[in-house]
Each structure stands twice: as C-alpha cells, then as structure tokens.
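Number of protein chains: 6
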Amino acid sequence: MRSSQMKFIENFKEGDRINDIYLCKHRQAAVTKNGKPYENVILQDKTGTIDSKIWEPNSGGIEEFEAMDYVEVVGDVSNFQGALQLSIKRVRRAQEGEYNPQDYLPVSEKDVDEMYSELCQILGTVQNPYLEQLLAMYFENNEAFEKAFKFHSAAKAVHHGFVGGLLEHTLGVVKLCDFYCRQYPDLNRDLLLTAAAFHDIGKMKELSVFPENDYTDDGQLLGHIYMGTELVRASIRRIPNFPKRLSAELCHCILAHHGELEYGSPKKPALIEAVALTMADNTDAKLESFREVIKSAGDNNGWLGFNRIFDSNVRKTSR
Amino acid sequence: MRSSQMKFIENFKEGDRINDIYLCKHRQAAVTKNGKPYENVILQDKTGTIDSKIWEPNSGGIEEFEAMDYVEVVGDVSNFQGALQLSIKRVRRAQEGEYNPQDYLPVSEKDVDEMYSELCQILGTVQNPYLEQLLAMYFENNEAFEKAFKFHSAAKAVHHGFVGGLLEHTLGVVKLCDFYCRQYPDLNRDLLLTAAAFHDIGKMKELSVFPENDYTDDGQLLGHIYMGTELVRASIRRIPNFPKRLSAELCHCILAHHGELEYGSPKKPALIEAVALTMADNTDAKLESFREVIKSAGDNNGWLGFNRIFDSNVRKTSR
Amino acid sequence: MRSSQMKFIENFKEGDRINDIYLCKHRQAAVTKNGKPYENVILQDKTGTIDSKIWEPNSGGIEEFEAMDYVEVVGDVSNFQGALQLSIKRVRRAQEGEYNPQDYLPVSEKDVDEMYSELCQILGTVQNPYLEQLLAMYFENNEAFEKAFKFHSAAKAVHHGFVGGLLEHTLGVVKLCDFYCRQYPDLNRDLLLTAAAFHDIGKMKELSVFPENDYTDDGQLLGHIYMGTELVRASIRRIPNFPKRLSAELCHCILAHHGELEYGSPKKPALIEAVALTMADNTDAKLESFREVIKSAGDNNGWLGFNRIFDSNVRKTSR
Amino acid sequence: MRSSQMKFIENFKEGDRINDIYLCKHRQAAVTKNGKPYENVILQDKTGTIDSKIWEPNSGGIEEFEAMDYVEVVGDVSNFQGALQLSIKRVRRAQEGEYNPQDYLPVSEKDVDEMYSELCQILGTVQNPYLEQLLAMYFENNEAFEKAFKFHSAAKAVHHGFVGGLLEHTLGVVKLCDFYCRQYPDLNRDLLLTAAAFHDIGKMKELSVFPENDYTDDGQLLGHIYMGTELVRASIRRIPNFPKRLSAELCHCILAHHGELEYGSPKKPALIEAVALTMADNTDAKLESFREVIKSAGDNNGWLGFNRIFDSNVRKTSR
Amino acid sequence: MRSSQMKFIENFKEGDRINDIYLCKHRQAAVTKNGKPYENVILQDKTGTIDSKIWEPNSGGIEEFEAMDYVEVVGDVSNFQGALQLSIKRVRRAQEGEYNPQDYLPVSEKDVDEMYSELCQILGTVQNPYLEQLLAMYFENNEAFEKAFKFHSAAKAVHHGFVGGLLEHTLGVVKLCDFYCRQYPDLNRDLLLTAAAFHDIGKMKELSVFPENDYTDDGQLLGHIYMGTELVRASIRRIPNFPKRLSAELCHCILAHHGELEYGSPKKPALIEAVALTMADNTDAKLESFREVIKSAGDNNGWLGFNRIFDSNVRKTSR
Amino acid sequence: MRSSQMKFIENFKEGDRINDIYLCKHRQAAVTKNGKPYENVILQDKTGTIDSKIWEPNSGGIEEFEAMDYVEVVGDVSNFQGALQLSIKRVRRAQEGEYNPQDYLPVSEKDVDEMYSELCQILGTVQNPYLEQLLAMYFENNEAFEKAFKFHSAAKAVHHGFVGGLLEHTLGVVKLCDFYCRQYPDLNRDLLLTAAAFHDIGKMKELSVFPENDYTDDGQLLGHIYMGTELVRASIRRIPNFPKRLSAELCHCILAHHGELEYGSPKKPALIEAVALTMADNTDAKLESFREVIKSAGDNNGWLGFNRIFDSNVRKTSR
C-alpha cells in the first residue's frame, strides 16, 4: 500500500518520468496512419485520469492486462495539443495488497464514518415504532449494509458520483428534511425522515460498485425509483402490523421523489411530505452540482461557459 | 331477480311512472331557495344514470338508504332543462336476492366467459417454461383470480370502464401482440405475450371493485404501473431458477408500457417487446375510446364537437 | 372596536340571526326570474366570506354603502344548495372606530412583531459592509417601511395571501437560506441572506394594500421581479463605493429567483446563491401552499380532489 | 454483371487487396498538412460504405470519375484509428452492363415481387366500387407505377431507407390495418385499407430514386404528406361520381397519418380510420427501426448506447 | 328593407317593447322546473345577439320557424341576472325582401369595394408573367370570385370573423408584405405579394358562407392550408410553362404560412418570402384581434381580465 | 491607414504570399504529435477570419503580441482539408495610426450616418411632450451617445452582429412600427415609436464594444431587457410630471418586447403597442437573419442544410 509516497495524476507535469500503480479504466488496440499498431489506454486515480499510449505494444516490457486491472506503469509525460499524455514504456498487472483501492477512486471530501454516525443519530430520533423497526433493519448493527452503503456513489456522472456519494447525498437530504420539520410543523417528521433515508436506496441496485460504477442491467430496465420502493415494501412486509396506510405513504414519497413524471417518478407528490422530500432532494443535488462546477473551475473567476445542468452560462461568486 | 321485466334507465320517457329497483350512486341533502329541504339522488343501472329528486324527504314513504344501496323507488319522470329527471315519491332499501347486480353495472358487450377462454388459449401457447409457470399461477385453475379478473374494469372513466373491461382490454392487447409476432419475427413471442397478459394487472389494486369502481388509496399513491410490476416480481420469486435477465425484461415491459415518462412510466421502452407492448396498448385504448364515442353518438352522423382524448372535433365515418 | 364579542363568519350556523359589522367585498344589483330586483353582496371577515342577499333593496332598513365599506348588518343565516347564505334585513355603513380592521382581513397565524424581530436579528448577522448598509436602509429604524412590510401580503390568491404574508414568506426563505449556508459552505452567506431579504420586495409595488390586495397598474405592466430589482439597484446607488460586481450578483439573484424564464425571471440562475434562493423560495411557497390546503380541508382525511398547484389529487397524511 | 463473385464491403479485412466495381457516393479534393494534394472518396455497395483515399491523384492509374459513378478500383485495405480504410491505387469509370445496380444499393431483405403480390391481393378485397377504381388506377396493370413503387425507399435515413422499403412499409401497414378490421368491427375496412395503401405515396415525389435517394426540391418545400394527398385527390377527380364525403374522409386519413401537428400532419385524426392508420404507421415504423438497430448490433448482447429514435439506451432481448 | 328605422340589438334597454325582424341563430325546446314547456331562442343582428324566451310556445301568436330563418318578433326586454333578455310574445317567419341581410351579419367597418380596389391595384404591380397570369385568373374580371371573396369571413370566431373579413385580412397582409419589400430588398416581391394574396384563399372552402359561417365537412377534415395550396396548384397547372421551381416556392409559402408545425403548417418556412408571409399574417391577425378587444371594451379603461389569445390580462393604452 | 490597397481575407487564394495588418482575435500555444511547439492564431478583418499557424514560434521574426492586437504579418496561404490556412513567417505588433480599425470589424453594409439621420427624423415626429423630451435626451445633440450608438452591434453572433448593427436594427424596427401606425389606427404612434427607439438600448450595456463585442458581466447577470428598461425609467424620473401611467406603458413595451416569457421577457405583452413592438422586432430580426444566410451562401442556389434559427433546411429563392 503506497499511497503516502504515490504520485497522483493531478500532479503530473510535462517531462515527468512516472513509475507507479494506477487503475486501467480503458484499453483499446489501434493502428497509426502508417499501419503501425499501438494502444490507447486511460489510467485513473482518485485525482483524475490521463490519456496514455503504448507505442510498442509487442515489446517485452508490455505484459498482459485489461480494463479494471490495477497496473504498475513506467512512462513519460508529454504535452499533446494542450493536454498531458503518458507514453507507457513498461506495464505489469499489480497484485492485491500492492495498492490501496481508495487511492484510485473518486471519494467524498468528507469523512465517511462521521457522516454515517451523524445519519444514524438523526434517524435514531424517529419515534413511530413501525418506522423505527424499518430503519433499524438497515441502519442498526447491519454491517454488510453499512459497508456497502458507505462505499456506494449516488450517480454514474453528475453530482455525488464518488465513493461515499450516496451517503453524503442521503445525509444532506435528511438534514434538510430535519430542518424543514422545525420550520413547517404540518410535516410528519417520522415519515419524512424515513422517506429521506431510503429515497435513493435503489441506487445500490441501479449502479454497480466501484471501480466500475456503471448502470446494471436491472438499473437500465427498472431504475432506482422502482427498485428502491420495492425493496422498502418488501422490508415492510416483514414487520408485523405495519399500518397499510403508512406503508403506502412512505412508498409514495420514495416513488414520487423526482417530483415530475418526466423526471421518472410514476406519480406526482400527493402528500406534503412527498413535496418536501422532492424539495430537499432537488436542493441537495443542485447545490452539490454547483459546488462541483466551482471546484473544477479552480481559480478561474470568469464565466465558465454554458452548463447543461443549470441551462445557463455560470461563474463563481465574488468573495 | 327481476331483470327480464325490469325497466332500464335508457328507456325512461317523460311522463313515465317508475316502480323498480336501481343502484343509488349518490345522495345528498339540499335546500331550495326558499329554504325547503330536499335531496339530490343519482340512480344507476347498466344502461345509464338519472338525476333524481326527493322533494318531500320527511314524508312517510321515504325510508333510510345511502349511496351504494340498491333501492326500490316509485317516482315520475319529467324533463328539466332538456334532461330527464325522476321525482321520487317512495323509496326503500332492497334486499340481496331481490335484484341481479349485473343489471346495475356497465358491462362489456362481449361474452366474458368466451373472452377468458380465448385469452387462456392464446397464453397456453407460451413455450418458455418459466413464463409458462408464471402464467399458470394466474390463468390456470385459479378461480378466485378468474372471478375477480373477469369482474374488473380497466378504468374509472375513459375506455373499458365497465365490468369485464380489464379482461376485454387485456385480450385485445394480447391479440394485437400475437399478430405482431407473426409480422415481426424479431419479437420474442413468449416474452411479449406474457407482458401483455400482465400489463394492466395492477389495475386490480388501483381500482376498487364494482359498483364503486374508484381509485383506492394505494391506487392514488402508488398506481397500477408500480403495483402490477411488483406483483409480477413477487410471483417470479416463487418460481425456482427464473432467469434474472428474463425477469428484468418482463418487468421492464410492464413498467414501460405507457411509453413516455410523462404518461407515468418511470422508464422508456428499451427493448423491442416493450416498444411493441406500448403500441398494442395504445392501439387498443384509442380504438376502443373512439368506439365508445361512436356508440354514444347514436345516429348522429354530424360533427360531435371537440373530444379531449383525440384533441380534435370528431365524427362518425360514412358507411 | 368589538372583536372580543364579534361573531366570526366561520362560526355562522343555519338559523342564526346575525347583528354585527363586516367588510363588504362586493355588491351588485340583480333581478329575479320574475323581474323582481334584489342584490348580491359578499361579506368578509378574517375567518372567511359569506354570500348574502338583499331581497328588499328598497326597504327602509337598507342604507347606502358600496364595496370596501364596513357595514353593520342584521340578517338570517340559511342553507342554499349546501352552502350558507345570509339574508340581509337591515344594513348601514359603519364609522371608523366602530370596528377593528384587523378583524376583517385574513392574517398570518403567527405573531407579526415576533417574526419581524427574528428577521431583523438574522439579517443583523450580515458582515459585508456594503450589504449591511443596504439592509439597514430598510430594516433598521425605518418605521414607515416596517409598518408597510408587516401589513403586506405576498400574493393576491395562492400562498401567503394575507396580512403579514410577505413578512412570513420572507422570513421563511431567509431561514432556509441561513440553514443552507451551514450545510453548503460554498455559499456566500452575506449575499444569499441579503438577496433573500429583498427577493419579493417588489410585491409591495405589485399588490395594493389590504383590504384591496389586488394588482396595481405597475404590477400588471412591470411585475414585482422587475420592480424589486430596480428598487434595490436604486438603493445601492446611494451607497458610496458599493462594488459593481457585488451589485450585479445581488440583483441577479433577485431577478432570477423564479428559476425559469417561463416563470417570469428574465435570467436563469447563474450563480450558486441564485440557485439556492430559487430553492428556498420554491420550498417555502410549496410547503405553505400545502399547509393551506390541509387547513382548508378541516377534518377531512380522505382525498381532496385535483389540486392545480400540485397537479395531482392530494390528501392529508396519517398522523 | 459480377455479383456472384463480387467482394462485398462488409467482408473487407485489413490487408485485403481489392479489385472490383463499387458506387462512388462522394469525392472531394484535399491537401495534407504538408501541402500534398489527395482525395477523399466514399465507396458504397449494398452491404455498406468504406472511407477511401487516393494518395496520388495525379498518377496515371487515376482516371476521371465523379459522385454517383460506378468505378472499378484497385486498392489495399488498412485499419486507421479502428476503422477500415481503402487506399486506392487505380480507378476507372465502369460501363453500364459491367455491374448490377442492385448490388450497390441497400435492399429489402424480403422478396420484392412476393411482397407486391401480397399487397395487391389484400387490396383486391376492397369492395367499395369507388375505392376499388381508385386502387386499380395504381395497383392493377400499371407497370410503370409497379416498377417505380417496388424500387423506392420509404426514407432517406431512418427506417425502410432501402430499395423496396416503400413497398415493405406499405405492406406492413396494410396488414396491420387488415388485422385491426377483424378485431375492431367499427372500422370501415375499405376506407382504411385504401388509406393505408396510399398513405406514403407522396414519398415517390419527396425522395429521388436510388442511388441518390435524397430529398427533391418539391420534397423539401411541400413534403410527402401534402403531395400524396394531392395526388390521390387528383386521381379521385377522374372517377365519376366519387362521393364527396368519402373523398374527404380518405384524404383526411392520408393528411392526418402522422398523428400530431408537430409531426407534420396539418390535421389531427378526426375519424376512427385516421386514428387506426396512425397507429399502424407508427407501429410498423417503430418495430422496423428497432429491427434495424438489432441487426446493426450484430452479436452484441449488451447495452448499445443512447438511441435517438427511442430516446433511451437500448439492447437486444435475451432469447 | 327596413334598416334605416330598424332597432338594433346593441340599443335594447330594459323595459323596451320590440317589434322588428331579426335572424334566428338558435332555437331549442325546454321545460321549466315545474314541467312547463318553453323555448330558448337566440336572435342576432349585425350589432350582436340576445337571449330570448318563448314562455308560451303553444299560444296562437307563435308561428313555425327554425334556426337561420329571419323572423319578425314582438316582445319585451327585461334584465335577468345582469344580462338583457327578450320575452317573445309573437313571432312569424319573414319573407325575403322584408329585410336586408346585411343588417343581420357582422360586417367589416371598412368599405368592401374600396378595399377590393386597393388590393387589385397592388396586385396589378406584379411583374412576373406567370404570377401575373395566376393572379388575373382570380382578381381580374372574375365577378363570381369577387362577389364571394368580398362576402367571406376569415374566421368562425376570433379575428376578422365578419363579412368582408377575408378581404380585409388579405389586404392587410398584402400591404405589410409590400412594405417589407421596400425595407428588405432580398425579398422577391412578385412571389411574396402573390403568396400573400392567396394565403387564406382556402378559407373560402373551409368556412361556409354567412349567415352560417361555420366549418364545412371539408374544412374540418382537410383545412384551409391544404385546400388553398391545392387550389393554387390546380390553377398553376392551367398556365403553360409555369416554372416548376416557382410553383413549388409559391405553394410552399402558402403551406408554411402558419409558421410552426403545431399551428397546422405541414412545413416550416424554408424561404425568406415564406418567413416574411408568416410575419405579416401574424402581425395582421394579432393587431386586429387586439383592436377587437379594445372595441368590445367600450369606454372601460381598466384591466379587462385574462385574454386567451394574448395569454395575459390586457387593457387599453392611455391616449 | 492602408485600407485602399489592403488585401482582404475574403480575397485570399491558395499560394498567395500575404504582407499586411490584421486583427488578432485569438492566440494559443500548442505542441505537435512529435512534441514540437507551434501556435494557433486567428486573424480577422471586416471580410472574415482565417486560421493561421506559427510553426517556428521561437524564430527571430516572431515578435510579442496577443489577442486584440493589430499585427503586421508575413505569411503564405495554403489549403488544409478544404479550408485555407495561413502559415505565418514573420509578425510584429502594429501601432495605432498604421491601420484603420473600421477595416477590421464587420460593419453594416449601409451608411451609418444616413441611417442615424433617418432615425432622428422619424423620431422627431413624436408629438407627446414627455416622450419628446425623453427622446431628446438621447437623440438630440448628444454626441457621446450618438457615437456609441452608431458603433454598437445588436448581437454577439446571430443577426446584426456588426458595427452599426444596433442602429440598423433599431431603425428597421422603428420604420416597421411607423408603417403599422398608418395601417392600424388604434396604435398610439408616439408611444410605439418611442418604445421602438429604446427597445434594445440595453444592448449597449449587455455587450462590450468592438473589437471585443462580447457579453459583459452585467450583461450575463442582468441582461439587456432589464438594463434597458431601468435606463429608460431612470431618464423618465428626470422629466418633471412625466405621467405615471405613460411611464409604465412605455417600460412595459420594452420589458415585454421578446413576446414570450421563455424568450426572456418577464411580462407578456398586455398593450396593443407592446404586441406591435414584438412583431416589428421579430420581423426585422428574422428577415435580417435570413438575409445573412443568403449572403453567406454566395452563389449556391441549392439547399444550404439545416438552419438552427429557422429550424429547417433553407435555400435561396429563384429570381
């Protein structure tokens, strides 16, 4: 495990000689205009990716490997048309233990364990005995769930697309809902917090785990909204005497949380908690998305160009 | 059971004295401009409904009854502002056995038993052993299901909103899909027919049974698309070794059968069978809707005015 | 001033004889089918309105009055087609001093003074010296503004359409924004809180004061988004050295706070604070709107019918 | 005519030397970065197209030719950036008779003559004497029409964009309509089948014939919906006593067959047959489009990426 | 012919006794709450319509008549719920010659003959010999066309729905186009003026003549855009050597003149003249619609309420 | 100042040696595949732009310069992939006085001074004393304004994006409005002409001056619609007794002149003059846009491909 002295991709500079382990995200054979075979490779660590070339794929130093392998590479960094490029001289597949997978995955900037504790603490205040039991099935002494939940992302691309992203987003939504309950006393706090806790639980089935983090077949065909609701309904059935009306209300909140049919919810919010959950989900998603825009802008204080999510040219605010 | 000699509402004429049993759909107390109390009542049989008034609610002949009761009424038919109206003189609640419920509900014009046989026969040609088992759980020797399925409507209002409507619509869609399979050999017939059989099964949970035939609480909050898919997924789990990919494909077809997100499907059709099912569902719905427009027009061959479903003025075609 | 013993409209019952002062919202002469003249009147107090009739407009007890007058009436409550109706026997215009205008206007259920204090306290935490000066021009020792701001509504109909509504909504939005700043540190708190404080300030020009509370000519032609922004820009010009970039950022937030061009903002949010303000405004508006739906439902726990704002049938949640 | 031994483009492999006749779809002069002139050429046969280069355009072996010429080429196949490329060494214009045009055009996979027979047979069952005469003007003993109709495509790109495509699509729609008539007896079969037969007849004027198969000037300015309707109306005028109402109904079906104004129909379907034709046209178009997606996927059973027509990621179904 | 001394409906006042001839637009039998038969009648003249009642339909003075008859009525004007109503005491069908149809139809406020002269004069400046011939077929010495064109309306309801309306609108559009040609020299004046002259010619087939002025069967099924284009294309075919490209350009302008597919044009404007015609048509339609709003407002200078065409509350401008 | 003998970019031909002054629009360092540094440069004059390369950036003849500098270059024109390219051999920054800026900016084809005179003359006919004063503040003896107004463009890209463009567009709109007033007497001419004169005045703040001609920070955040209205409102405040209602009407016209909320107007047109201004603005914009399409097509009389503004394939009309 070498992360302490590891050279991260965001620190590469033209002229560097690299000798370290990276995750191979992509590999494809190609041919130059002159008919000479070469290979396109994309390497990744938690700080970014770099386009790489193997110009002599048949040379002795180039061992077998494929996408999703961790590989030790030796190579040189150059600048091609304004972007850095790595010319790989030698490469070999690394063994488990030689690397720390956390170094190769985009991760939350926040502490995952602290976030999980905070989430459990808030959910621990739910009073309704049926909802309490339901939450306990997941968030109390369920190590397998805890481990998986902490590791999952909330998206393939867009916002919260990193390790811990599902947790970070869930916590953000739960906290907003918790605040709403203080400000709008008509809200049923137990119902709203429980719905917030589970609203994106279906993402654990929609997206495969890192490093792949891509849509599963079920994800493509059924989606996280359907699968999350079904999962919760199945858990509810295992709780004796869970009130039917409460069950429908909770599942409605999950089903309707995208707010509009055209965003993939098969029902529009019909309860005040469903409306509140939609607001919290949208607020956390939009503000995190803008945070990522700001972060990727670095120290550029000017206009950043048209942004598809915000349907507008955007820029950072003066401080 | 008096249906043979019963006087149906569609045959009422101004000046008739009525003395028969009808279903009370609605009852509400009211007051005339002069402060005199009276009651608004709507009576129904399978041929239609009639606005009725009880002008002397406190007279001896007016016994207790409420909405959804079958009541024997004595009254006179008059014409008020162009529509017939029944002035109720006497009314009493009828006992089970005095009437035949079938006389009071809108019913399919087709023979329900024949339609069910035809449906089972077509579904009996499905070859895939897993899909065959799944279909058998519902359509083979399941009397409770058969009875309920035959009795259900496919809608509160719009198309197929009558006893046997769910069966008639399901059969119509299955037959269209069966024909598609002959014309487009890329279609997986077993998958498509099974999806067609179950595509609206969730309506049995979304709508309460006749005579109420209204949205249930679950129907309002979760909808038939979600509930039907969940029901089929639960049944699949009881079939050993049901292939995961096939399960996802089948459930995707059900989930996506409204064709567009804005029509309440949380996923767009992503498989050719899902596309085909959308086409069949839409074709049967639209042509049945137009049939109902034509039927309700009687012998009016002129333009019938703007129709909301077809977003156009419509008329019958010359013959 | 008789509010202590006043009989409020929400307490009227069939058979009551009424003798009290109400606000006349509407008055119109009419003729019965038989050609007899009568008058339609709508009376209002802070608990609601009641349809009223003057059947003998030329009798001695009916004195001159018109819409927006406070009138003392004597009359009897009856039930017409399911709704209460007041038959006015005598009526005279009341004098200022005989009534308390606050009894006749829909008012916030919260204490207006407390809300104003809370608002000022939060705004008092703004640090940026230019924004601090701008806020002080309105929210510090400006009695005329304070009085007008406390009395204004935030809407003609829909949400917060009552005395104190503009204050209640502004406070709700400011508090949400304040919470956002704790959860999303990228937000510029000073900018966001200031924008929240002023976001609907243009409503003071768009809507006339109570009891009229209707669109002004300027409101119809220019709208509160334009007028509010212009007002703030004019105030900014009176603050020496106010940074041009900060001015544009603040005014952009106000201009863009409806979030979408089709909702009347001439610019889409292009800064993270503008996005946040949109979220807070929408959240407070939607949750208050649903609260009003719930309140008007009384103890009806069933489905309440299609609601235009939520584009769905809605109901209260189980408790 | 050498199709038996011809080497089709879909069979080209890296390293092949080619010596055969192909259709030149495109030719354009260019210059390398170093200022050396060369030529970009696209060659086509019925199995596909290949990017080609003439690196020595002024050499002796390169004779004169232009787009839409059939040319005999000698060249070598290489792989450039993952795609095959032909380096042309010699080229000469081929003479009519040296090649079979059918080898160079995308063609229906079905037998064109059999399809035409089947179409005529179904249309031969139309009973209405006026519609029968109208159909006969085109589909009975009209060799010029038959030849042209069999050769035409139904599209420039998208579905049925091949020789015989118009026929294949028309037959598909006619057969669906024929089936509808069995299932929905309200449909006027004679009217519907006739409308189906002519619904895309305007494509013969909208698109030029192969090998060009591109929009004509009239096609761009007037479109096939207008031109097809006008053509049928003109033919109707030559049939004595053709009923005016029937004429309007038939032409309405053609005019409205895209179903929605935004898809280019100037009228929404207002008759049940117009609705049915829209359904049949859409069903055949969508299922053929998906068939073409499946075919082009070869043996790829995974997700194929976002498809613009279906507005979704798509994949083949398990078998 | 009594128009000089005729009492126009816009001058009716409560208490008037009427004895004059009016056009019967509508007649329908009805029954009062008490079962007494009566009749609803709508009478019309060029100044408006009035709801009328025949309370004693079986009395001697009530002779036979039906909708679209001119009838002499004797009756009394009263005020019912704020609107005037005529109680008909006696009625008889009037004979041709007793009345002047022009008195009973809404008519242009401008002189029809002058407008026609002005139109012909402008069209007389078209130079292109083919377009000149085409225009001459309609606008030169064609009395039947001239009479019909002058009498036609341009709409059933909305703008220009009066005698002379088609002429007034056509002239308005032609004059705008003429001005455009002076300001934008890229425009082909001959083409644009000819297209303007014919752009709504299909309305003569879409709407029946006054007093009916309602959609014809062809109008409902095919629409004026299709029929107008077809008419012009048919006329073009009778002009030897009319250039094919010019024909397509002219007909494209007519076909595309609604500007958007969703407004019923099957093609979007693809030529600058088609764009210009769309602008002129829209400008004349919108400004005439607003003129009619202003006129119907009388001397009301306040806000007139939400207007569906302008999708806004509207009012008159200060002078 | 060398414009007379200057070689304009539109006249460059392959093989030319260039030695002249051009405006540098863009400069960026790059590296070839082989690691050799070079520079991408875009040069501009009023007739167009040309891609240029400095292959030897470190050679002696390459002096310092940056974007927006005027530079004297020596270089050779070649053809790269169908487009001309300039290989720069020597370059030096030019001094003010060596060049005429007008030669380097896209300019109106019309005479700017004549257009300004014509505009002032029409505006001089406004009678209303308040509007007259308002116009005079800008269009009478205001040299600074005149100079800036004449030099400004009306757009960054799309229509009228050249020196004098704002003037040319304003004049076009004013003249259309002037003509409307003759044809539609309901229009208040003084109000409409004044609104037309100022409708795009906010563009002077939204776009920076040439040669940059790009959105300003205020332009991005507030937009020309808001800023133009605010500017006019501020000027109005300096005119004693300017009627409040007239002020609101004028500013409404400016605010609403994009016609639809989704085009950035915060209010829909609610007055007939606002509707007229929308029509004039749209007409001038569309016809000028099409003129620019036609001009850039040169002598290509065929179809020009899909045009985003017109949402259609377009072509020139036959003459």
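Chains as they are written, first to last, in this note's numbering: chain X, 1064 to 1382; chain W, 1064 to 1382; chain Y, 1064 to 1382; chain E, 1064 to 1382; chain U, 1064 to 1382; chain A, 1064 to 1382. Glycine is no exception: its CB is placed at the ideal position from the N, C-alpha and C atoms.
Going along chain E in order, which residues have a C-beta closer than 7 Å to the C-beta of residue i?
i: X:GLN1283; result: TRP1366 and ASN1376
For residue i, return the contacting residues in chain U, with the cut-off set at a CB-CB distance below 8 Å.
i: A:ASP1249; result: LEU1350, PHE1353, ARG1354 and ILE1357
Just checking: is the beta-carbon of residue i within a distance shorter than 8 Å of some beta-carbon in chain W?
i: E:PHE1225; result: no
i: Y:THR1380; result: no
Please list, in chain order, all residues of the same chain as residue i whose beta carbon is under 8 Å from its beta carbon, the five residues on each side excluded.
i: X:LYS1307; result: none
i: E:PHE1128; result: CYS1087, ARG1090, VAL1134, VAL1154, ARG1155 and ARG1156
i: U:ASP1347; result: HIS1232, GLY1235, VAL1236 and LEU1239
With a threshold of 7 Å on Cβ separation, who are the neighbours of residue i within its own chain once the five nearest residues in sequence on each side are excluded?
i: A:MET1064; result: With a pLDDT of 45 at A:MET1064, under the threshold of 50, the modelled position of this residue cannot be trusted, and the question is left open.
i: A:LEU1318; result: ILE1288, THR1292, SER1328, PRO1329 and LYS1330
i: E:ASN1191; result: ASP1253
Using a cut-off of 8 Å between C-beta atoms, extract the partners of residue i located in chain Y.
i: X:MET1342; result: MET1342, ASN1345, THR1346, LYS1349 and LEU1350
Kindly indicate if chain A contains any beta-carbon less than 8 Å away from that of residue i.
i: Y:LEU1254; result: no
i: Y:ALA1258; result: no
i: U:SER1216; result: no
Using a Cβ-Cβ cutoff of less than 6 Å, which residues in the same chain neighbour residue i once the five nearest sequence positions on both sides are dropped?
i: W:ILE1372; result: SER1352
i: U:LEU1194; result: ASP1253 and THR1257
i: E:GLY1078; result: none
i: U:PHE1071; result: ASP1108 and THR1110
i: Y:SER1271; result: ASP1277 and THR1279
Can you name the residues of chain A whose CB is closer than 7 Å to the CB of residue i?
i: Y:HIS1315; result: LEU1284 and LEU1285
Please report whether the beta-carbon of residue i lies at a distance below 8 Å from any beta-carbon of chain Y.
i: A:TYR1289; result: yes
i: X:LYS1238; result: yes
Using beta-carbon positions only, say whether residue i and residue j come within less than 8 Å of one another.
i: X:ASN1370; j: X:VAL1356; result: yes
i: Y:VAL1236; j: Y:HIS1262; result: yes
Under 8 Å by Cβ, that's how I've got residue i and residue j pegged, so tell me the actual separation to the nearest angstrom.
i: U:GLU1275; j: U:MET1131; result: 7 Å
i: Y:ILE1125; j: Y:LEU1149; result: So it is not a contact: roughly 14 Å between Cβ atoms.
Can you list the residues of chain U that residue i reaches, using a CB-CB cut of under 7 Å?
i: E:ARG1296; result: GLU1293
Does chain E have any CB closer than 8 Å to the CB of residue i?
i: W:SER1066; result: Residue confidence is low: W:SER1066 scores 49 on pLDDT, short of 50, so the model does not pin down where it sits. Its coordinate-derived value is still stated next. Not an interface residue.
If we define contact as Cβ-Cβ less than 8 Å, is residue i a contact residue for chain U?
i: A:PRO1100; result: no
i: E:ALA1311; result: yes
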